[in-house]
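Each protein sequence line maps, in turn, to chains A and B.
Note that my numbering has the first sequence beginning at 2, numbered continuously upward.
Note that my numbering has the second sequence beginning at 6, numbered continuously upward.
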Amino acid sequence: GNSVTQMEGPVTLSEEAFLTINCTYTATGYPSLFWYVQYPGEGLQLLLKATKADDKGSNKGFEATYRKETTSFHLEKGSVQVSDSAVYFCALENTNTGNQFYFGTGTSLTVIP
Amino acid sequence: NAGVTQTPKFRILKIGQSMTLQCTQDMNHNYMYWYRQDPGMGLKLIYYSVGAGITDKGEVPNGYNVSRSTTEDFPLRLELAAPSQTSVYFCASSPPRTGGGRTFFGQGTRLTVV
């Protein structure tokens, strides 16, 4: 089946610290992988994506590389800002099952000045 | 370009009451979805639809009903609200077989059943 396991939070970092949020997955076939971000009181926004092995998704200083050999898609950012405080969800989309998404449980990040 | 629009944004229901969560999209997407997000959890798929007149159950369909009479609209019906249905509900839409993250989410409906 399809599932996503995500590092539990909450995570609290000081501004300019390095961020890593771990994500591993199981899937049938060849899924696409995503990181979504949810700011307080808002819906989900796509942060970055990778559609095949070894692809690197990047946006707003965040990066994640699709590693088929380790079934991972870890999110990283070299220097976080207060405005990065949000909940981050790792997800996979499997076109074998009608474009259904499978989400991790989310990791809450708080960045303090 | 409105994208995916959900109404209402917030609602409080009493146990046993019914309500319909509305979802509409203006992108002519074939696929539409309803998810629920419980505190500290990821999203779970309730129902989805691959086109007008076609709906199918997701992971957690019990207690809900859907219909898809038009491409644009995909309402979610709660017939007998229960406290276990307290959650945030997200509607989403996508073209078929996107394989690349062209799924768009609405802002969510926060429902509390008391």
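C-beta: ideal position from N, C-alpha, C; glycine also.
{"Check": "Residues that A:A65 bridges to, as DSSP identifies them", "Outcome": "A:G58"}
{"Check": "Against chain A: residues of the stretch 9-26 of chain B by CB proximity under 9 Å", "Outcome": "V9 and Q11"}
{"Check": "Own chain residues within Cβ distance below 7 Å of B:Q22, not counting five before or after", "Outcome": "A86"}
{"Check": "Whole-angstrom C-beta distance between B:G68 and B:Q90, which should lie under 8 Å", "Outcome": "6 Å"}
{"Check": "Of the listed residues B:V55, B:Y52 and B:Y40, nearest to A:G44 (C-alpha basis)", "Outcome": "B:Y40"}
{"Check": "A:V83, DSSP secondary structure in three states", "Outcome": "helix"}
{"Check": "Counterpart residues of A:V88 in DSSP-defined beta bridges", "Outcome": "A:Q39 and A:S109"}
{"Check": "Neighbouring residues, chain A, relative to B:F95 (Cβ below 8 Å)", "Outcome": "G44 and L45"}
{"Check": "Selection from A:C24, A:T72 and A:Q82 that minimises the alpha carbon distance to A:G62", "Outcome": "A:Q82"}
{"Check": "Cβ pair B:L50, B:E64 closer than 7 Å", "Outcome": "yes"}
{"Check": "Contact set between the stretch 31-56 of chain B and chain A, restricted to residues whose Cβ is under 7 Å from the partner", "Outcome": "Y36, G45, M46, G47, L48, L50, Y53 and V55"}
{"Check": "Cβ-based neighbour list, B:Q27, same chain, cut-off 6 Å, excluding 5 preceding and 5 following", "Outcome": "T12 and P80"}
{"Check": "Assigned exposure category for A:V88 - 16 Cβ within 10 Å defines buried", "Outcome": "buried"}
{"Check": "Nearest-angstrom beta carbon gap, A:S33 and A:Q77 [assumed within contact, 8 Å]", "Outcome": "Correcting the residue identity first, residue 77 of chain A is Glu in this sequence and not Gln. The pair is not a contact, with the Cβ atoms about 19 Å apart (cut-off 8 Å)."}
{"Check": "Assigned exposure category for B:V119 - 16 Cβ within 10 Å defines buried", "Outcome": "exposed"}
{"Check": "Cα-Cα separation, B:Y52 to A:C91", "Outcome": "21 Å"}
{"Check": "Chain-ordered chain B contacts of A:F104 [CB-CB under 7 Å]", "Outcome": "G47 and L48"}
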